[in-house]
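In what follows, a structure is listed as C-alpha cells, so that the remarks can point back to it.
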C-alpha cells in the first residue's frame, strides 16, 4: 500500500541505507507542508526538504527544456551557430551590457553586505570579453551532431557510430556569471540546458537571460526553452532539479560540500553526474628540481584563487635547505600582487622555517573583511588536502617529504585528486610520477594551465576531479562538445544478407 506524505512529526524514524535510521527534527516537522517533498539521502541519511513551490519552479524549467529537446532534431547546425553569434553580439552591445552591469552591481553590493565572497561575482570587462570570445568559438566550432566516430566494414554492409545529442543537461553553478556562456555550449551538440545559479548572482543571471540569452534564442529560431533559468535562490530548487529523472546529465560546480550533496541527489535519481566542486593543485619538487623553475612555478600558480591555484607544495628533504627559502620568497612576492599571504605548514616541518616567520602576524583579507591573525599555522598531514578558499590573501600549505613517492601517496590519499605538477630534471621521474599520480591533470610547471579555454581553446563547463572515482570515457575537462551520446546506423548494400545463410526466395 502507498500513500502521500502530507505531514512530518518530530522524532519520526526514517530508514535509509538499508539498515540505518534517522530522525525528523522539530524544525523540519514544522516547515513541512502538504505538497512538499522529502528527499532521503541513502548514503548519509540527510533529509532534504523541497517545498512545493520550489519543486514547481524546477519541474517547470526542466519540462520546458525537455520539450525543447524534442524539437532540436529539426534545428539546423547553422541555426545553432546563429544562436551563439547572436548571444555574443547581445553581450557585446553596450546598452544591453549596461543593464547587466547594473544588476551585477546590485548583486555585488548585496553579497558584500552579507559578508560573502565577491571575487568571482564581479562582471568585469575581462569576464565580458571572455564570454563573447567563448560564444564565438562555439559558433565557429566543429559541428557536434552526426560526427562519425568509427565505421566497421562488412561484406555488403557497414556500421557507423555517430555522435548524437544526449538530452537535457541540468547545470548548477556558483556566482560566476560567465558560466552562462560556458554552459550554453551544450547546445552546440544539440542538447538543451536548464540552469540554476547561486543566490549571490541571481539578479545578474536574470539580466543576462533578458538582455542576451532569450533574445539570442529567438533570433536563431531555436525552440523556446532550449536554455532555461531556474528562477529561484533556494537550494531546494537545485535539489528538485537534480532529482528530476528527465535530466540526461547533471553538472554542478561550486563549493565542495554543496556540490557533493547535489551530486548525491542526482546519482540517487539515476542521473549521471559531472561534479566540479573541490580543487586545489599541488606542486612537488624532487632532488633534481631546477630552482628557478620551482620558484617560478610557485609564483605563477598564485596569481588568483580558482580551482587550479597552487594549494599544497611538497619538497623532498634533501632540497629543503635551498628550496624552502625560494618557496617563501615566491609566496611573499605573490602576496605583493594581492594583500599579504598565509602559510600552513605541516606540524613536523614548522622548525624548518626561519624563526621570524613563525612569529609573524598580519592582516588576512577574508570575505568578511580584514582579520588580524598569525601568518603561519601548523596543520596535520591529513589536512594537506584542504582547499584554501582565499579572497585576496594567497594561502597555501607546505610539507617536506622523504621522496616524491611519499608526496604522491599523500596526494592520492588526502587531496581531492585534481591536479599536480612535478618539478624535476629527471625524465624517468616524470614518467613514474604520471603513472602513480591519481589525477586527471598532470604537469611539470605552473598549475594554472588547467583550464579548458586556456589549454584546449574550448570553453569549459567545468573541471572534474577524481575524488569520487575516475570518469567514464572522457577526461577531466567537460565542454559543450563533449556532451553527447553515440548512435549506431547501418548501411546495407547486399540485399541477400541473412543471419541463417538462407538465400532470398522469390518475394514478388
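Residue numbers (our numbering): 293 to 800. The beta-carbon is built from N, C-alpha and C at its ideal position, and this holds for glycine as well. It should be emphasised that the depicted structure is a prediction, and the values quoted were computed from it without experimental measurement.
Under 8 Å: do the segment 468–483 and the segment 430–440 share three or more Cβ pairs, one atom per stretch?
yes
Residue 334 and residue 537 - do their beta-carbons sit closer together than 8 Å?
Numbered from 1 along the chain shown, position 245 holds the residue referred to as residue 537. Numbered from 1 along the chain shown, position 42 holds the residue referred to as residue 334. It is not a contact, given that the beta carbons lie outside the stated cut-off.
Going by the DSSP bridge assignment, what does residue 315 pair with across the sheet?
Numbered from its first residue, the chain shown carries residue 315 at position 23. Paired residues: 305.
Let me check understanding here. Comparing Cα to Cα, which of 618, 447, 312 lies closest to residue 581?
In the chain shown, counting from the first residue as 1, residue 581 sits at position 289. Cα-wise, what sits closest to residue 581 is 618.
Does residue 722 come out as helix, strand or coil in the three-state DSSP assignment?
For this step, residue 722 is matched to residue 430 along the chain shown. In the structure shown, residue 722 sits in a helix (DSSP, three-state: H, G or I).
Simplified DSSP state of residue 648, which is helix, strand or coil
As a working mapping, residue 648 is identified with position 356 in the chain shown. In this structure, residue 648 counts as helix in the three-state DSSP scheme.
Cβ-based burial, residue 634 [other Cβ within 10 Å; buried from 16]
By 1-based counting over the chain shown, the position of residue 634 is 342. By the neighbour-count rule (16 or more Cβ atoms within 10 Å), residue 634 is buried.
Suppose the cutoff is 6 Å on Cβ atoms and the five residues either side in sequence are ignored; what does the same chain contact list for residue 656 look like?
Sequence index remark: in the chain shown, residue 656 carries index 364 (1-based). Closer than 6 Å at the Cβ level, and outside the excluded window around residue 656, lie 634, 663, 665, 685.
Between residue 723 and residue 733, what straight-line distance do the alpha-carbon atoms span, to the nearest angstrom?
Here residue 723 is taken as the residue at index 431 of the chain shown, counted from 1. Here residue 733 is taken as the residue at index 441 of the chain shown, counted from 1. For residue 723 and residue 733, the distance between alpha carbons rounds to 14 Å.
Pick from 780, 782, 785, 749 that is closest to residue 769, judged by C-alpha positions
Sequence index remark: in the chain shown, residue 769 carries index 477 (1-based). Closest option to residue 769, Cα to Cα, is 749.
Curious, which full-length alpha helix (DSSP H) runs of at least 4 residues does the segment 732–759 contain?
744–748
Could you check if residue 574 belongs to the surroundings of the ligand FAD, using beta carbon to heavy atom distance under 7 Å?
The ligand FAD is not among the ligands present in this structure, which contains no ligands whatsoever.
Between the segment 516–524 and the segment 416–424, can you find at least three pairs of beta-carbon atoms closer than 8 Å?
no
Taking 8 Å as the cut-off, does the segment 352–365 touch the segment 391–409 (at least 3 CB pairs, one atom from each stretch)?
no
Quick check: what's the CA-CA separation for residue 677 versus residue 403?
Start at 1 with the first residue of the chain shown, and residue 677 comes out as number 385. Start at 1 with the first residue of the chain shown, and residue 403 comes out as number 111. Roughly 28 Å separates the two Cα atoms.
Are there three or more Cβ pairs, one per stretch, closer than 8 Å when the segment 345–355 is compared with the segment 444–453?
no
Would DSSP call residue 364 helix, strand or coil?
Taking the chain shown and counting its residues from 1, one reaches residue 364 at position 72. Helix.
Nearest to residue 462 by alpha carbon, out of 795, 468, 478, 492?
Here residue 462 refers to the residue found at position 170 when the chain shown is read from its first residue. Of the listed residues, the one whose Cα sits closest to residue 462 is 478.
Between the CA atoms of residue 783 and residue 450 - distance to the nearest angstrom:
Translated into positions along the chain shown, residue 450 becomes position 158. Translated into positions along the chain shown, residue 783 becomes position 491. Residue 450 and residue 783: Cα-Cα distance of roughly 5 Å.
Do you know offhand how far residue 526's Cα is from residue 494's?
On the chain shown, position 234 is the one that residue 526 refers to. On the chain shown, position 202 is the one that residue 494 refers to. Approximately 11 Å between the Cα atoms of the pair.
Paired residues, beta bridge with residue 771 - DSSP
For the purposes of this step, residue 771 is identified with residue 479 of the chain shown, where counting begins at 1. DSSP lists 752 as partners of residue 771.
How close, in whole Å, do the beta carbons of residue 696 and residue 674 come, if the pair is a contact with beta carbons under 8 Å?
Within the chain shown, numbered from 1, the residue matching residue 696 stands at position 404. Within the chain shown, numbered from 1, the residue matching residue 674 stands at position 382. The Cβ separation is near 20 Å, so there is no contact.
Shortest alpha-carbon distance to residue 785 belongs to which of 448, 507, 687?
Within the chain shown, residue 785 is the residue found at index 493, counting from 1. The candidate whose alpha carbon is nearest that of residue 785 is 448.
Which of helix, strand or coil does DSSP assign to residue 636?
By 1-based counting over the chain shown, the position of residue 636 is 344. Here residue 636 sits in strand by DSSP.
Residue range of the beta strand (DSSP E) that includes residue 691:
What you label residue 691 is simply residue 399 of the chain shown in a count that begins at 1. Its beta strand (DSSP E) spans residues 687–693.
Reference residue 471, options 725, 564, 627, 487, closest by Cα:
The residue you call residue 471 lines up with position 179 of the chain shown. Closest by alpha carbon: 487.
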